[in-house]
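J.: What follows is a single structure, and I will ask about it in a moment.
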Amino acid sequence: MNRFEGRNAVIVGGGQSAGATVGNGRAAALAYAREGATVLVVDRDREAAEQTACEIRAGGGVAYAHQADITRPEECAALAEAAVETLGAIDVLHNNVGVVVAAATEDLSVADWNRGLDLNLTGLWMVCRQVLPVMRAQGRGVVINISSLAGVLTGANRYSVGKAALNALTRGLALEYAPHGVRVNAIVPGMIDTPIGVDRVAVASGRSRDDVAAARAAQVPMRRQGTAWDIARAALFLASDDASYITGAVLPVDGGGSLRGHQA
């Protein structure tokens with residue numbers, strides 16, 4: 319299929335952390351390109367963004383790289399300007415950023431709390447704040463926010479709170495921009511086999527990758543982890559014309575993980 323032929327996608331967080339599998343951001347960028355989109359890969363690590371763009375070009379696609387730290391308002395503005403200058407129009411904004419730091423409430427400083435929310439919530443809002451006016455002027459566009467199961471089920475840490483607020487932001491923006499032909503949806507990944515989800519945890523805990531992967535899979539009702547391609551396929555559906563009447567959705571892609579909160 320070429321559902322995105324002639325369309326442009328901006329992938330925020332499209333780089334790649336070191337690990338044995340592909341991450342959500344790179345998988346999304348590759349998936350949009352494989353269905354015909356011209357892709358602008360954005361990451362705070364310029365080299366990581368360029369590596370993803372190079373992989374797209376090696377596969378016959380069209381891609382550009384852009385460096386941006388979305389916790390800085392001026393860089394969010396520059397991102398939107400670069401996207402319009404490079405692509406001409408922005409058909410899809412795919413936001414895939416977040417930071418996870420596990421800490422008890424009493425051990426977390428106010429500065430650390432704010433840094434987490436700056437990336438998990440405020441930064442995404444600032445990107446949307448710059449790109450949504452472009453989409454409104456076009457009379458079309460789709461925003462896909464990658465949230466987390468942590469924002470649905472768990473704790474009062476800065477990651478969970480940020481992702482829960484992102485779900486609320488998604489619904490609010492969907493309602494605000496629906497009259498302008500712009501759709502906004504979120505995806506809620508569960509246990510996904512990515513470098514951040516598995517490899518980084520293995521290194522930090524001193525356990526093997528296989529042990530960490532098995533422990534994560536055991537928490538899922540389907541008894542396996544998903545892959546970054548599962549998230550990418552869901553995103554492409556929501557961003558495509560196949561989902562033209564869907565906005566404000568917060569879609570779990572979690573192997574049934576979110577159902578744990580509904581057990582008697």
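Using the numbering used here, you'd call the opening residue of the sequence shown number 319 and step up by one each time.
Here a beta-carbon is modelled for each residue, glycine too, at the ideal position from N, C-alpha and C.
1) Excluding five sequence neighbours on each side, which residues of the same chain lie with their C-beta closer than 6 angstroms to the C-beta of phenylalanine 555?
2) Grouping DSSP H, G and I as helix and E and B as strand, with all else coil, what is tyrosine 563?
3) Distance check for leucine 437 and glycine 416, CA to CA, integer angstroms please.
4) Return helix, strand or coil for arginine 501, following the three-state DSSP convention.
5) Below 7 angstroms between beta carbons: does that hold for alanine 401 and glutamate 393?
6) Taking C-alpha atoms, which residue in Val340, Ile374, Arg433, Ala557 lies nearest to proline 513?
7) Please report the residue range of the beta strand (DSSP E) in which isoleucine 510 lies.
8) Taking the beta carbon of proline 507 as the centre, do at least 16 other beta carbons fall within 10 Å, making it buried, or is it exposed?
9) Rounded to whole angstroms, what is the Cα-Cα separation between arginine 375 and alanine 381?
10) Checking 7 angstroms against the spacing of the C-beta atoms, do threonine 356 and asparagine 326 come in under that value?
11) Between which two residues does the alpha helix (DSSP H) harbouring isoleucine 374 extend?
12) For the alpha helix (DSSP H) holding asparagine 485, just list the boundary residues, first then last.
13) Might you give, ordered along the chain, the residues of its own chain that have their beta carbon closer than 6 angstroms to the beta carbon of glutamate 368, omitting 5 neighbours on each side?
14) Which value, in whole angstroms, describes the spacing of the CA atoms of tyrosine 495 and alanine 351?
15) Can you tell me whether threonine 356 is helix, strand or coil according to DSSP?
16) Relative to the alpha-carbon of threonine 545, which residue among Gly337, Ile510, Ala421 has its alpha-carbon at the smallest distance?
17) Give every residue of the same chain whose Cβ lies closer than 7 angstroms to the Cβ of leucine 348, excluding the five residues on either side of it in the sequence, and list them in chain order.
18) Please state the DSSP three-state secondary structure of glutamine 581.
19) Would you mind sorting valine 445 into buried or exposed? The rule is 16 or more other CB atoms within 10 Å of its CB.
20) Taking 8 angstroms as the cut-off, does the region 418 to 436 touch the region 359 to 367 (at least 3 CB pairs, one atom from each stretch)?
21) Along the alpha helix (DSSP H) that carries glutamine 456, what are the first and last residues, could you check?
22) When we look at the beta-carbon of tyrosine 563 and count the other beta-carbons within 10 Å, is it buried (16 or more) or exposed?
23) For chain E, check one thing: does any of its Cβ atoms lie closer than 7 angstroms to the Cβ of arginine 458?
24) Looking at arginine 433: is its Cβ nearer than 7 angstroms to the Cβ of valine 460?
25) Output the boundary residues of the beta strand (DSSP E) element that contains asparagine 432.
26) Relative to the C-alpha of asparagine 503, which residue among Gln456, Arg541, Ser558 is closest?
T.: Let me lay it out:
1) Excluding five sequence positions before and after phenylalanine 555, the CB atoms of its chain that fall closer than 6 angstroms to its own CB belong to Ala561, given in chain order.
2) DSSP places tyrosine 563 in coil when its eight states are reduced to three.
3) Cα-Cα distance, rounded: 6 angstroms.
4) Three-state DSSP puts arginine 501 in a strand.
5) No.
6) The shortest Cα separation from proline 513 among Val340, Ile374, Arg433, Ala557 belongs to Val340.
7) Neither: isoleucine 510 is in no beta strand (DSSP E) and is coded neither H nor E.
8) Answer is buried; the Cβ neighbour count reaches 16.
9) Rounded to the nearest angstrom, the two C-alpha atoms are 6 angstroms apart.
10) Threonine 356 is a Cβ neighbour of asparagine 326, given a cutoff of 7 angstroms.
11) Element bounds for isoleucine 374: 364 to 376.
12) Segment 476 to 495, the alpha helix (DSSP H) holding asparagine 485.
13) Taken in chain order, the residues that qualify are Ala383.
14) The C-alpha of tyrosine 495 lies about 26 angstroms from the C-alpha of alanine 351.
15) Threonine 356: strand per DSSP, three-state reduction.
16) Among Gly337, Ile510, Ala421, the Cα nearest to that of threonine 545 is on Ile510.
17) Counting only Cβ-Cβ distances below 7 angstroms, and skipping sequence neighbours, we find Glu373, Ile374.
18) Its pLDDT being 44, under 50, glutamine 581 is placed unreliably by the model, and nothing is read from it.
19) Buried.
20) Contact annotation: the region 359 to 367 does not touch the region 418 to 436, with fewer than three C-beta pairs closer than 8 angstroms.
21) Element bounds for glutamine 456: 441 to 456.
22) Exposed, since its Cβ has fewer than 16 Cβ neighbours within 10 Å.
23) Judged by its chain identifiers, the structure shown contains no chain E, having just a single protein chain.
24) Arginine 433 places its beta carbon 7 angstroms or farther from that of valine 460.
25) For asparagine 432, no beta strand (DSSP E) run applies; the uninterrupted alpha helix (DSSP H) run containing it begins and ends at 428 to 435, by DSSP.
26) With distances taken between Cα atoms, asparagine 503 lies closest to Ser558.
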